[in-house]
Each structure stands twice: as C-alpha cells, then as structure tokens.
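Number of protein chains: 2
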Amino acid sequence: MSHEFSESEKAGFYRAVFERRDCRRFRPEPIPEPTLARILEAAHHAPSVGFMQPWDFILIRDSLIREKIHQAFLRANDEAQELFEGERRRQYTTFKLEGIRESPLNICVTCQRDRFGPVVLGKTCQPEMDLYSTVCAVQNLWLAARVEGIGVGWVSIVHAGELSAILGLPPQVVPVAYLCLGHVEKFAPEPELQTAGWLPRLPLQDVVRFENWESSSQNEWQRLRQELENR
Amino acid sequence: MSHEFSESEKAGFYRAVFERRDCRRFRPEPIPEPTLARILEAAHHAPSVGFMQPWDFILIRDSLIREKIHQAFLRANDEAQELFEGERRRQYTTFKLEGIRESPLNICVTCQRDRFGPVVLGKTCQPEMDLYSTVCAVQNLWLAARVEGIGVGWVSIVHAGELSAILGLPPQVVPVAYLCLGHVEKFAPEPELQTAGWLPRLPLQDVVRFENWESSSQNEWQRLRQELENR
C-alpha cells in the first residue's frame, strides 16, 4: 500500500515550500480569527522531542509592547551594522529587516525548557532538542501562514534578554523566534537577499554529501547526483 | 489580491502537517532517486538567516557506518534509561526509538557555522540562528517525505561528538539531526508516545498567550480564544 499523496495534494504542499518568503512589508488589516487559529494549530502539530510540546505562542497586538521591541531591534541593529564594512555596510542599511510596528500581529514563539519535568525522553544527551522542536513549530507556522496568504517575517536582530524582560518570561522560558505576521502586497519570487545579490542560492548538489563529510564513495550515488544536478 | 491557496492546495498542505509522524519501523526497499531529490530540494528551500543556507545533507547507506552509529545509540540509550525510574523506566524500554540499521537510508543534517564567513546578516546577536535555520530544513524534509509516502524518524539519543567522529565532520560543522528514512507499513493515526499514554497532547488554547507571558489582557482576544477551544 502506497502512502504517497495524490499529485494535487503534493502540488499544494510544494507550492507552500517554494513560495514561502521572509516578509517585512505588511498591510494593516487584521488576520481573521479562524485563519489565525488554523495557523496556530498547524504549528502545534509540529514534532517534539519526547512529545513534550515545549512551545508557547505569545500573540502581541499591543502597540506599547511592540514599540519597546522595536526600540530593542534598533539598538541591536546599530550594533550589527558596525560589524559590516564598506560597501557591505552601505548595502546592509538599505535592507528592511523587520515589520514589528506595521504588521497587525507579532508572535513570540517560546520554549519552556522544563515542561513536563526535568527528564525528557530523547533529550537526555542532546539538551537542545526542545529548542529544535520549537523551531519545527515555527516552520509549520510559517508554511501554514503562506497557505493562508499571510506573510511572516522572523526578526532575529534583537537580544533575547530584552525580549524576555519586555514579555515577562520566566527564567526557564526562552524566546526562540520573534515573528511579524500580516497580509502582504506580494510574495517575492525569490528571497530578497538573493535578488539583491547579497548571497547566491547554493546549487542543490553542493549541499548533498555521501556516506561521510569527505564524500569519498560517490559512484554508487551516480543516479541521485544526476537527479540533483537536473534541479 | 488574495494570496490564499485554493481549498485543494490547502488540503494537501494540512494533510502533510497532521499526518506526519516520527517513524521507527521501516521496510527495506530503497527510496527512488527522483523521490529523494524532491525531498532534498524541499529541505534546501527552507528559510535561512542571512540566506546563508548553512546545511549539508549527508546521505548514509553504508552498513558499517550505520553499525557504528547504532552502537553509539545503544551506549547513549543505556545512559538515558538510567535517568528514568520504576514504571517509567520499564515503559521506556518498550519503546523502539530508532531504525538506523533497518531503514534503507540515514541522513545526517549538519550546520556549517562559518559558511560565507564569520559575520552573517541576522545572526550577529542570536548566534544560534544558523542552527535554527538548519532545523527549518529538517522540518521541510520531514513534511516533504510524508507527502512522498516516506517515513522519517529523528534519532536524538546519540552524542553529537560521536556522530562527528564517525562522519568525519570538521570542527565548525555541527550535526543537528540524525534521520532514518524509508517506506513504512503505516503512518500511525497519532504520535506513539501519545497512544502509549507517555504524555498527553496539550489543548491548543493552553499554549497560546496574549500580549505577554502572564496573559493579562484576554478580553480583546475573546473570538480567537473561542476558535482555539473549538479545535
């Protein structure tokens, strides 16, 4: 018995994967509640180590809270710019890197590291697995939003300690992702940093290796290598 | 202009989200190359901080390498069992937690932390963002595999240092996920740990908060709260 999806089901899934974008420009209309509930439900059905479901989704519309987070972004971004030099710094300043205030909704996705107690199945020798589970929830959320026609942007230029203070997170709760959500004018055909020439997309075959890092035994993999190069 | 997908496209996407499972029992038939190429391409189209695409996918079929990794799993699992007590330990030993040797393919997804140089846009104050980008690629891979009818299991009970030694990873390359892939007899209707009563699925409304951790201002969110509770 095949568990493969139909061609039309596959097409819907792959469209989400290939048309998802990191968005920073939003329209002000609110996200309808049923849409938002579907997006959150998809996030909540991410895999989690030991089924601990360590995530919380803090939904933020309050403009005062968002103003504080925007100020924290500005401070972190000033520090970040200093790390680039010459033409790279000039180009960096032309990028819009967040939509904290103009998007109708922000979501901070957190990880409660001691949920269901100190010992979690599957996390005993890789303690970061709960953080990784939370990132899986972020990716589900991001893809589900695309399907619903909602843009998402991940703001990583902000210090975690400032986020925790502004949102009142307990010590065992870590902010993993700070997201801006909303309707958008368009989803760009490719990532903005690719279009701007900041970095190129790597060829798929360059990120696939065989048997070990040094990729010594490639002959057995000839057919797959051809498939990868044809993409 | 709406960017929302059609109902049939949405259905394909959500089916992948809700029917994806962590699989540990595999059939031996190989995964066809075109299928595997589509799964890897979906993974490679994950979001990445500063468009750095820090991932590599090491495909492992070699039985000697897999035997070594299985031995590393056994050692880590013996340590892990010691952390559970009484009935929990007895139940732990009944779970099948990996399919390293019987699956036709293992994939180690790694993160090259210095790809494209030491300073990466968006990673300057959250240095873990490259690891999180790699996890997004894992989640894309996992969902794409489900669409293709291929099961994936994430083996987290193995020490990263042992994986690095066995696969010959350079110091700046971190193993993020060790995955087993293959055809499966079935995708279970719910997570195995849920079915076994190890932990319950949390109600969606219990993992959504409003404005901050303490959720003080709930009135404005009444309609969304009802949507969440109806799921």
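Chains as they are written, first to last, in my numbering: chain A, 6 to 236; chain B, 6 to 236.
All C-beta atoms, glycine included, are put in the ideal place defined by N, C-alpha and C.
It should be emphasised that the depicted structure is a prediction, and the values quoted were computed from it without experimental measurement.
From the options, residue whose alpha carbon lies closest to that of residue i
i: residue 21 of chain B; options: B/100, B/146, B/105, B/118; result: B/146
i: residue 234 of chain A; options: A/224, A/173, A/209; result: A/209
i: residue 218 of chain B; options: A/95, A/178, A/144; result: A/178
i: residue 15 of chain A; options: B/148, B/93, B/77, B/206; result: B/148
i: residue 184 of chain B; options: B/169, B/50, B/161; result: B/161
i: residue 122 of chain B; options: B/57, B/116, B/167, B/104; result: B/57
i: residue 63 of chain A; options: A/110, A/120, A/214; result: A/110
i: residue 157 of chain A; options: A/182, A/69, A/168; result: A/182
i: residue 61 of chain A; options: A/106, A/113, A/18; result: A/113
i: residue 128 of chain B; options: A/159, A/154, A/130, A/36; result: A/159
i: residue 27 of chain B; options: B/192, B/204, B/216, B/213; result: B/192
i: residue 216 of chain B; options: A/66, A/205, A/17, A/41; result: A/66
i: residue 120 of chain B; options: B/76, B/130, B/176; result: B/176
i: residue 130 of chain A; options: B/7, B/165, B/196, B/47; result: B/165
i: residue 82 of chain A; options: A/196, A/98, A/167; result: A/98
i: residue 49 of chain A; options: A/116, A/236, A/194, A/92; result: A/116
i: residue 213 of chain A; options: B/155, B/59, B/196, B/7; result: B/59
i: residue 76 of chain A; options: A/168, A/11, A/12, A/47; result: A/168
Where residue i falls: helix, strand or coil (DSSP)
i: residue 63 of chain A; result: strand
i: residue 28 of chain B; result: coil
i: residue 130 of chain A; result: coil
i: residue 44 of chain B; result: helix
i: residue 217 of chain B; result: coil
i: residue 39 of chain A; result: helix
i: residue 224 of chain A; result: helix
i: residue 158 of chain A; result: strand
i: residue 182 of chain A; result: strand
i: residue 198 of chain B; result: helix
i: residue 110 of chain B; result: strand
i: residue 187 of chain B; result: strand
i: residue 117 of chain B; result: strand
i: residue 177 of chain A; result: coil
i: residue 85 of chain A; result: helix
i: residue 105 of chain B; result: coil
i: residue 236 of chain B; result: coil
i: residue 122 of chain A; result: coil
i: residue 163 of chain B; result: coil
i: residue 206 of chain B; result: coil
Sequence-distant residues of its chain with Cβ nearer than 7 Å to residue i (five each side left out)
i: residue 32 of chain B; result: 187, 188, 189, 190
i: residue 52 of chain B; result: 138, 141
i: residue 151 of chain A; result: 21, 24, 25
i: residue 78 of chain A; result: 103, 105, 160, 162, 163
i: residue 73 of chain A; result: 171
Proximal chain A residues relative to residue i, where beta-carbon distance stays under 7 Å
i: residue 35 of chain B; result: Per Cβ cutoff of 7 Å: no residues; residue 35 of chain B is ~10 Å from chain A at best.
i: residue 196 of chain B; result: 56
i: residue 39 of chain B; result: 232
i: residue 50 of chain B; result: 22, 23
i: residue 224 of chain B; result: Going along chain A, no residue has its Cβ under 7 Å from residue 224 of chain B, so there is no contact; the nearest lies around 12 Å.
i: residue 236 of chain B; result: 42, 46
i: residue 61 of chain B; result: 212, 214
i: residue 228 of chain B; result: 38
i: residue 79 of chain B; result: Near residue 79 of chain B there are no residues of chain A at all, since even the closest Cβ is about 12 Å away, more than 7 Å.
Contacts of residue i in chain B (Cβ-Cβ under 7 Å)
i: residue 199 of chain A; result: 56
Exposure label - residue i; buried when at least 16 CB within 10 Å
i: residue 211 of chain A; result: exposed
i: residue 174 of chain A; result: buried
i: residue 90 of chain A; result: exposed
i: residue 231 of chain A; result: exposed
i: residue 39 of chain B; result: exposed
i: residue 227 of chain A; result: exposed
i: residue 43 of chain A; result: buried
i: residue 126 of chain B; result: buried
i: residue 180 of chain A; result: buried
i: residue 153 of chain A; result: buried
i: residue 224 of chain B; result: exposed
i: residue 69 of chain B; result: exposed
i: residue 55 of chain B; result: buried
i: residue 236 of chain A; result: exposed
Interface residues of chain A facing residue i [CB-CB closer than 9 Å]
i: residue 16 of chain B; result: 13, 14, 17
i: residue 31 of chain B; result: The contacting residues do not exist; residue 31 of chain B stays about 12 Å from chain A at best.
i: residue 141 of chain B; result: 140, 141, 143, 144, 147
Neighbourhood of residue i by C-beta, 8 Å cutoff - its chain only, sequence neighbours within 5 removed
i: residue 101 of chain A; result: 29, 30
i: residue 34 of chain A; result: 109, 187, 188
i: residue 17 of chain B; result: 152
i: residue 86 of chain B; result: 94, 97, 98
Distance cut-off 7 Å: residue i Cβ against heavy atoms of the ligand COA
i: residue 17 of chain B; result: Looking at this structure, you won't find the ligand COA or any other ligand, since it has none at all.
Chain B contact residues for residue i, given Cβ-Cβ distances below 8 Å
i: residue 128 of chain A; result: 161
i: residue 74 of chain A; result: The premise fails here: residue 74 of chain A is roughly 11 Å from chain B at the closest Cβ pair, so nothing lies under 8 Å.
i: residue 170 of chain A; result: The premise fails here: residue 170 of chain A is roughly 11 Å from chain B at the closest Cβ pair, so nothing lies under 8 Å.
Cross-chain neighbours of residue i in chain A, by beta carbon under 8 Å
i: residue 175 of chain B; result: 218
Residues near residue i by beta carbon distance below 6 Å, same chain, minus five either side
i: residue 143 of chain B; result: 114, 182
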